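Engineer:
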Amino acid sequence: YITWLVFAIFVIVIFVTINYFIQNNIDRQKNYLLNKANNIANKISGEVNLDALQNKYEVGLVYDLAVYYETDINVYDQYGKLIVSTNPRLFTEKFTSDLMNPEVFKQFKSKMISSSVVSEKIADLNYISAYTTLIDNDLEVRGYVNLPYFSNREDLFREISQYTVTIINLFVLIFALAVILTYYVAQRLSKPLILIKNQLSQMKIGEKNLPIDWERNDEIGLLVKEYNTMLSALDSSLDKLADSERQGAWREMAKQVAHEI
Numbered sequence: 019y020i021t022w023l024v025f026a027i028f029v030i031v032i033f034v035t036i037n038y039f040i041q042n043n044i045d046r047q048k049n050y051l052l053n054k055a056n057n058i059a060n061k062i063s064g065e066v067n068l069d070a071l072q073n074k075y076e077v078g079l080v081y082d083l084a085v086y087y088e089t090d091i092n093v094y095d096q097y098g099k100l101i102v103s104t105n106p107r108l109f110t111e112k113f114t115s116d117l118m119n120p121e122v123f124k125q126f127k128s129k130m131i132s133s134s135v136v137s138e139k140i141a142d143l144n145y146i147s148a149y150t151t152l153i154d155n156d157l158e159v160r161g162y163v164n165l166p167y168f169s170n171r172e173d174l175f176r177e178i179s180q181y182t183v184t185i186i187n188l189f190v191l192i193f194a195l196a197v198i199l200t201y202y203v204a205q206r207l208s209k210p211l212i213l214i215k216n217q218l219s220q221m222k223i224g225e226k227n228l229p230i231d232w233e234r235n236d237e238i239g240l241l242v243k244e245y246n247t248m249l250s251a252l253d254s255s256l257d258k259l260a261d262s263e264r265q266g267a268w269r270e271m272a273k274q275v276a277h278e279i
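According to the working numbering, the sequence shown is numbered sequentially starting from 19.
1. Looking at S133: is its Cβ nearer than 8 Å to the Cβ of A84?
2. Go ahead and pull the three-state DSSP assignment for S255.
3. Closest by CA to K286, which one among V163, D154, I62, A59?
4. Identify whether Y202 lies in helix, strand or coil by the three-state DSSP scheme.
5. What are the residues that DSSP puts in a beta bridge with S250?
6. What three-state label does DSSP hand L51 in the structure shown?
7. Is V242 buried or exposed, if buried means 16 or more other CB atoms sit within 10 Å of its CB?
8. Would you say I192 and S63 are within 8 Å of each other, going by their C-beta atoms?
9. For I58, count the other beta carbons within 10 Å of its own beta carbon; 16 or more makes it buried, fewer makes it exposed. Which is it?
10. Is it buried or exposed for Y94, if we count other Cβ within 10 angstroms and need 16 for buried?
11. Mapping the DSSP letters down to three states, classify E138 as helix, strand or coil.
12. Is T151 buried or exposed, if buried means 16 or more other CB atoms sit within 10 Å of its CB?
13. May I ask you to verify whether the region 122-130 touches the region 107-114, counting CB pairs closer than 8 Å and requiring at least 3?
14. Closest to D142 by C-alpha separation, out of T247, L157, A148, F168, would be which residue?
15. Just grab the DSSP bridge partners of R94 for me.
16. Evaluate P166 with the Cβ neighbour count: other Cβ atoms within 10 Å of its Cβ, from every protein chain shown; 16 or more gives buried, anything less gives exposed.
17. Determine the direct distance from the alpha carbon of Q205 to that of L199, and round the result to whole angstroms.
18. By DSSP's criteria, A148 is part of a beta bridge. Which residues make up the other side?
19. Would you please state the rounded distance, in angstroms, between the beta carbons of L213 and I230? I believe it to be under 8 Å.
20. Who are the near neighbours of V159 in its chain, counting only those whose CB is closer than 8 Å to its CB and skipping five residues on each side?
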């Protein structure tokens, strides 16, 4: 029972741990990507003339930022039309549209949000994408910055594997202790039962049978008490039977004597 309980706890802990790491990894990636997008947007807004950027005269900073932050950068104008992309093949080869995500653009226009991280898809490839606004000196929205992020599953699996191995090692130790504890408990339980079995096997009718001495008042103690009570009742019955046999023998002898006289 203890062994199965430990195994069930182990399975539950592994399941919860894996789900925790997956969700934690997703949240960490989203926060990291959103912070990166805000930093890039602030640098572009502060160092680049947005009109010049829109006319594609000052796009060098965008590529420099892409190299520095190790990410692709897409810049859209205030109407959601692509201006600059550090990975233009996605758009020139029509893997994706040169218009920004319409749902995000709608939310930006209604001023419901100023930045967002959403899930997007290119063919069979799922990824997360961060959007944030480009603000000019008059605090007017002049465009939008987008950072797609193609997550590295190997890092996630490596992290999960490391913690899983640690948990497995821990539970192997717990399992070993559980086996030892189970053996010890089984010995504690079987010892009094073996004692009772030996006493029962040695019990003989007509001879003096010794009661079992058991000091603890537990379940085994109740069984031993019933055994001793039964033994006492049996001895009493044997005494009565022997007495009855003696009396019967005397009566038979008295009949024989009377008959002889």
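Where a beta carbon is used, it is the ideal one built from N, C-alpha and C, also for glycine.
It should be emphasised that the depicted structure is a prediction, and the values quoted were computed from it without experimental measurement.
Structural biologist: Looking at the atomic coordinates:
1. Start at 1 with the first residue of the sequence shown, and residue 133 comes out as number 115. Start at 1 with the first residue of the sequence shown, and residue 84 comes out as number 66. Remark: C-beta atoms of S133 and A84 do not approach each other more closely than 8 Å.
2. Within the sequence shown, the letter at position 237 stands for residue 255. Helix at S255.
3. Nothing about residue 286 can be reported from this structure: the residues present for the chain run from 19 to 279 only.
4. Residue numbering aside, residue 202 sits at position 184 when the sequence shown is read from its first letter. In this structure, Y202 counts as helix in the three-state DSSP scheme.
5. Within the sequence shown, numbered from 1, the residue matching residue 250 stands at position 232. S250 is not bridged by DSSP to any residue.
6. Taking the first residue of the sequence shown as 1, we reach residue 51 at position 33. The three-state secondary structure of L51, taken from DSSP, is helix.
7. As a working note, residue 242 is residue 224 in the sequence shown. When all chains shown are included, V242 counts as buried.
8. Sequence index remark: in the sequence shown, residue 192 carries index 174 (1-based). Sequence index remark: in the sequence shown, residue 63 carries index 45 (1-based). No, these two residues do not count as a Cβ contact at 8 Å.
9. Within the sequence shown, residue 58 is the residue found at index 40, counting from 1. Counting C-beta atoms within 10 angstroms of its own C-beta, I58 has 16 or more neighbours from the protein chains shown and is therefore classed as buried.
10. By one-based count along the sequence shown, residue 94 stands at place 76. With 16 or more neighbouring CB atoms inside 10 Å of its own CB, Y94 falls in the buried class.
11. Looking up residue 138 in the sequence shown gives position 120. If DSSP states are grouped into helix, strand and coil, E138 belongs with the strands.
12. On the sequence shown, position 133 is the one that residue 151 refers to. Taking a 10 Å sphere around the C-beta of T151, we find 16 or more other C-beta atoms and assign the residue as buried.
13. The region 122-130 makes no contact with the region 107-114: fewer than 3 CB pairs, one atom from each, lie closer than 8 Å.
14. On the sequence shown, residue 142 is found 124 positions in, with the first residue counted as 1. Among T247, L157, A148, F168, the Cα nearest to that of D142 is on F168.
15. Within the sequence shown, residue 94 is the residue found at index 76, counting from 1. The amino acid at residue 94 is misidentified as Arg; the sequence shows Tyr. DSSP lists L100, Y162 as partners of Y94.
16. Here residue 166 corresponds to residue number 148 of the sequence shown, with the count starting at 1. Flag for P166 reads buried.
17. Here residue 199 refers to the residue found at position 181 of the sequence shown. Here residue 205 refers to the residue found at position 187 of the sequence shown. Each residue's Cα considered, the two are about 10 Å apart.
18. Position 130 of the sequence shown, counted from the start, is the residue given in the question as residue 148. Answer by DSSP bridge pairing, in chain order: V135, L165.
19. Stepping through the sequence shown from its first residue, residue 213 is reached at position 195. Stepping through the sequence shown from its first residue, residue 230 is reached at position 212. The Cβ separation is near 7 Å, so the contact holds.
20. In the sequence shown, counting from the first residue as 1, residue 159 sits at position 141. If we look at V159 and ignore the five residues flanking it on each side, its Cβ neighbours are Q96, F126, T151, L152, I153.
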